[in-house]
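Start counting the sequence shown at 497; every next residue gets the next number (my numbering).
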Amino acid sequence: MQKRKWIPLALLRKLLISAICCIAFVALFSVRIHIVPSSKDHRFNDKISTAQDLHSWTRELAPPHLSKAPVSTPKLNGTRGYLDYQKLWKPPSNRGFLPCTKPTPNYTTPAESRGYLLVHTNGGLNQMRSGICDMVAVARIINATLVIPELDKRSFWQDTSNFSDVFDEEHFMNSLANDVKIIKKLPNDLVNETKVVKQFISWSGMDYYENEIASLWEEYQVIRASKSDSRLANNNLPPDIQKLRCRACYEALRFSPRIEQLGKLLVERMRSFGPYIALHLRYEKDMLAFSGCTHDLSLVEAEELRMIRENISYWKIKEIDPIEQRSKGFCPLTPKEVGIFLTALGYPSTTPIYIAAGEIYGGESHMAELRSRYPLLMSKEKLASIEELEPFSNHASQMAALDYIVSIESDVFIPSYSGNMAKAVEGHRRFLGRGRTISPDKKVLVRLFDKLDQGLITEGKKLSNRIIDLHRRRLGSPRKRKGPISGTKGMERFRSEETFYANPLPDCLCRTEQPPPPPPLNTSHIV
């Protein structure tokens, strides 16, 4: 009898011990372990994977004016959240297309150099980027040693940056070592030699460079290209030349380490707010003056822009009809119009938006309506401290490089104007298979916006459905590069083509035999 009384006590003791062990086991594995990645692993295209990590980056890295405010990370919330993801954030299918930039089996190492190619780039950051990549290909075609290109210091922005300030010079040279011989400076014994200065004909093909330009080696050791923009044809070039352009643009021409470091930091800070839109709001003084677009501007502002255009000698077109420009879709959307567009697409007012731009013309007076719809407007100036931005602040190309990085990494990229940056980012994102890139149909949109202003239509479901339908096929999915517009001739025919760097398909994107299955839905940072 005594023995039977002890049996339940023994069982109870064992159950208590087992329960304590289970609690300890669960507690052990519930401890959050924070691992700081090695600096060697930092690349600006790495993503932050969890909401907890986003909060920790906000606390540790955000400047004081941001870190004080609590940040709520939007999460997927049932069926409605899934539908919002499908409608607003889901990347378009890559349809089985993947990067293919390796040379063909017939490709050889660089032939013996016949001379040196000096390059003076022109334009802003993205115009210079594409020009540099084209000049790499030209150097290969004419068997030249390429001297590290000189960046444009005389354009509207008056930027004094050198190549190594903006790009990783060593990486550029090493990455292309099997394609083109590249040196930092012209040899001393050739500095005072007679050079032939040529402005290469725009959109030229192989015959022009192999015959007319290469023949200059018979008299000169140094050829100087006075401009670099659009000097190589978009189409009808050998596959290895096209692939070389892609290797130069998407693999070799990397930003300098300090730009990539801050750019990655800006991406991480934007991600702390959840999925975000990068809005290339090309509503800056130089663009409005150059394009002659004055919609919604005062007479004083319009006159100021006209005088800027008049006084810049290398802007050839002086008299521009702003109404005609806008009706043809040649003007950037205004901040107000962008707000209407985003609302119609269905993006809620809580959407984080990164403004990838310089100083907006007119400042807050033109930004007020967009900000009233979308209060969470961020920029590099808001995300970074004064001390972090100080090394870049007086250099337009370096500041633009930061915007480029945040735009490439965004969940959605939307340009208000289809200029050089819009085309470069669109092409790079298409090459990487990265997120949505929504290209506004400005020609149709401005007609709708004018009807809104005239009271002929109102904002609401009907307008929203119309705008969504207009852009179903404008989300950045892979497609073949568009050729020239039918009926165009001469230079206008080349100008009407879709540019190589806006869409490197089919040259640098190849279709796999079986399209890969869609990636699993990552719900950690989806609205």
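Glycine included, C-beta positions come from ideal geometry on N, C-alpha and C. For clarity, every value in this text was computed on a predicted model and none was experimentally measured.
Using 8 Å as the cut-off, can you tell me whether the stretch 779-795 makes contact with the stretch 684-698, which would need three or more C-beta pairs spanning the two stretches below that distance? For the pair of segments examined, the stretch 779-795 was found not to touch the stretch 684-698: the number of CB pairs separated by less than 8 Å stays below three.
In chain order, what residues of the same chain lie with their CB nearer than 8 Å to the CB of Lys598, ignoring the 5 residues before and after it? Lys739
Run of the beta strand (DSSP E) containing Ala774, from where it starts to where it stops: 773-776
Counterpart residues of Arg727 in DSSP-defined beta bridges: Answer by DSSP bridge pairing: none, since Arg727 is not bridged.
Taking just the CA atoms, how far does Arg969 sit from Asp581? With the sequence shown as reference, residue 581 is identified as Tyr, and Asp is not the correct amino acid for it. Taking the straight line from one Cα to the other gives about 18 Å.
Please confirm whether Thr984 and Ser992 have their CB atoms less than 8 Å apart. yes
Looking only at its own chain, which residues have a Cβ that is under 8 Å from the Cβ of Arg610, when we skip the five neighbours before and after it? Taken in chain order, the residues that qualify are Ile638, Asn639, Ala640, Ala710, Trp713.
Sort Arg925, Ala744, Thr846, Leu758 by Cα distance to Ser889 and report the nearest one. Leu758
Alpha carbon to alpha carbon, how far is Phe927 from Gly951? Straight-line Cα distance between these residues: approximately 42 Å.
Please specify which runs of the alpha helix (DSSP H), each continuous and at least 4 residues long, are wholly inside the stretch 663-733, giving them in chain order. 665-671
For Ile901 and Glu715, what's the separation of their Cα atoms in angstroms? 43 Å
Say yes only if the C-beta of Trp811 is nearer than 7 Å to one or more non-hydrogen atoms of the ligand GTP, and no if none qualify. With respect to the ligand GTP, the structure shown offers nothing to examine, as it has no ligands at all.
Taking a contact to mean a Cβ-Cβ separation below 8 Å, would you say Arg750 touches Asp664 in this structure? yes
The stretch 660-677 in contact with the stretch 759-767 per 3-pair CB rule at 8 Å: no
Are the CB atoms of Leu777 and Ala853 within a distance shorter than 8 Å? yes
Does the Cβ-Cβ distance between Asp965 and Trp585 come in under 8 Å? No, these two residues do not count as a Cβ contact at 8 Å.
Could you tell me whether the stretch 789-800 touches the stretch 827-838, using the rule of 3 or more Cβ pairs below 8 Å? yes
Compare the C-alpha of Tyr913 against each of Pro936, His891, Val921, Asn618 and name the closest. Pro936
Taking the alpha-carbon of Glu994 as reference, which of Ala729, Ser651, Pro601, Tyr603 has the nearest alpha-carbon? Ala729
Suppose you measure from the CA of Thr1008 to the CA of Asn807; what does that come to, to the nearest Å? 53 Å
Would you call the CB atoms of Arg932 and Pro645 closer than 8 Å? For Arg932 and Pro645, no; Cβs fall outside 8 Å.
Leaving out five residues before and five after Asp542 in sequence, what residues of the same chain have Cβ atoms less than 6 Å from its Cβ? At Asp542, the pLDDT of 39 sits below 50, so the modelled position is not reliable; the number obtained from the coordinates is stated separately. None.
Coil, strand or helix - Glu797 by DSSP: Three-state result, Glu797: helix.
Do the stretch 837-852 and the stretch 862-874 touch if we need at least three Cβ pairs shorter than 8 Å? yes
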